[in-house]
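Everything on this sheet refers to the single structure shown next.
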Amino acid sequence: MHKRYVPIVVTIAVLLAVAIVGYSQPPVVQKSPTRVLMVNNGGRVFFTHAIHADDYGYDCADCHHDGVEGAEPIACGSCHPKAFDGLFKEVHQRAFPSKEYCERCHDSEPVSSMSDDERPDSDMLLTRADAFHGQCMDCHKAEDAGPYGEESCSTCHAK
Ligand code: HEC
Ligand code: HEC
Ligand code: HEC
Ligand code: HEC
Ligand code: HEC
1 MHKRYVPIVV TIAVLLAVAI VGYSQPPVVQ KSPTRVLMVN NGGRVFFTHA
51 IHADDYGYDC ADCHHDGVEG AEPIACGSCH PKAFDGLFKE VHQRAFPSKE
101 YCERCHDSEP VSSMSDDERP DSDMLLTRAD AFHGQCMDCH KAEDAGPYGE
151 ESCSTCHAK
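For the sequence shown, UniProt numbering gives the first residue as 1, with consecutive numbering after it.
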């Protein structure tokens, strides 16, 4: 081979190697968000996710009780919906990465036509706003740090 081709061949070989390694990696998993903006009737809430997880030193499982070991956390609203209406029932069946999640709430493999005593009791499961108020404020109260209580609304909610 002519000498001046050597750098070109080497460059191509390196690029090819990089491409092969890149393609053989698992697909990009969802990263833990830095901040979460929550739009709701009480006014937008800006949640400092990374600061809570890193600086305040909490474990993922302190807040994400998804219940499947080793899995990426999923949105609270997949289980704690705005309302237990038709939309929830339709969407939530596709919201979970594996069937193991179903058994967090369903006794046995869920089917689309369930008798009343097969249905999970939606009264036992908090709606989204109650779940957030509960988890955020219970921890702030327990730690006596961060906003909670009747006067605290505008500390979390933008007017
Ligand atoms: C102090 C509580 C708290 C801690 C600690 C925490 N998270 Fe979260 N995380 C949340 C809340 C609240 C949301 C918003 C979920 C929503 O909007 O439904 C969220 C959202 C997420 C999401 C996006 C989910 C989605 O699909 O919307 C991921 C991924 C995530 N967290 C991963 C992590 C990881 C990984 C850790 C540990 C390093 C962690 N979280 C620690 C409370 C927490
Ligand atoms: C895979 C479904 C699932 C996800 C995702 C989920 N939860 Fe829950 N959550 C439940 C179930 C089921 C209960 C009922 C009691 C139990 O089993 O702990 C519950 C109970 C709660 C409670 C009541 C008391 C307690 O702490 O046990 C709060 C508050 C709560 N969830 C907040 C959240 C928040 C905030 C998120 C997101 C960071 C979240 N949940 C994500 C299923 C889920
Ligand atoms: C966080 C709790 C929770 C999880 C996890 C969950 N479900 Fe449900 N599911 C419910 C609730 C609550 C209802 C509504 C019960 C009612 O109708 O009163 C329901 C209803 C259903 C229905 C009945 C719809 C209808 O009315 O005919 C099906 C089907 C279903 N779920 C399938 C699934 C499948 C499949 C999974 C797992 C991939 C799953 N669910 C995970 C709580 C859950
Ligand atoms: C597991 C405990 C825990 C949970 C759950 C939690 N927090 Fe906090 N939060 C803290 C602590 C501790 C501080 C105060 C740290 C300090 O002052 O040094 C704080 C501080 C704050 C502050 C003021 C400083 C900042 O970082 O913005 C806001 C606002 C806040 N939290 C919002 C929320 C919201 C919204 C949620 C629920 C989505 C939430 N927190 C859930 C522990 C928690
Ligand atoms: C620690 C932060 C925090 C504090 C303090 C707080 N909230 Fe919230 N609030 C939230 C979060 C987070 C949500 C849920 C956002 C979502 O569902 O996207 C929420 C949701 C709401 C909603 C929407 C309910 C719905 O069904 O859509 C209202 C209304 C509300 N809060 C009123 C209040 C009032 C009134 C107070 C004071 C007594 C208060 N909040 C204190 C964080 C807070």
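Where a beta carbon is used, it is the ideal one built from N, C-alpha and C, also for glycine. Since we're looking at a predicted model, the values are computed, not measured.
For Val91, the enclosing alpha helix (DSSP H) has its first and last residue at Gly86 to His92. Val39 is positioned such that its CB atom lies no closer than 8 Å to that of His49. Within the DSSP secondary-structure output, Phe96 pairs in no beta bridge. Per DSSP, Met137 is one residue of the alpha helix (DSSP H) stretching across Arg128 to Glu143. Taking C-beta atoms as the reference points, Leu125 and Cys79 count as a pair closer than 8 Å. Note on Phe132: 16 or more other CB atoms within 10 angstroms of its CB, so buried under the neighbour-count rule. At least 8 Å separates the beta-carbon of His140 from that of Pro120. Per DSSP, Leu125 is not a residue of any beta strand (DSSP E), being assigned neither H nor E. In this chain, the alpha helix (DSSP H) harbouring Asp62 covers Cys60 to Cys63.
Using a C-beta cut-off of 8 Å, the region 41 to 59 makes no contact with the region 85 to 103, since fewer than three inter-stretch Cβ pairs fall below that distance.
Going by DSSP, Ser154 is part of the alpha helix (DSSP H) stretching over Cys153 to Cys156.
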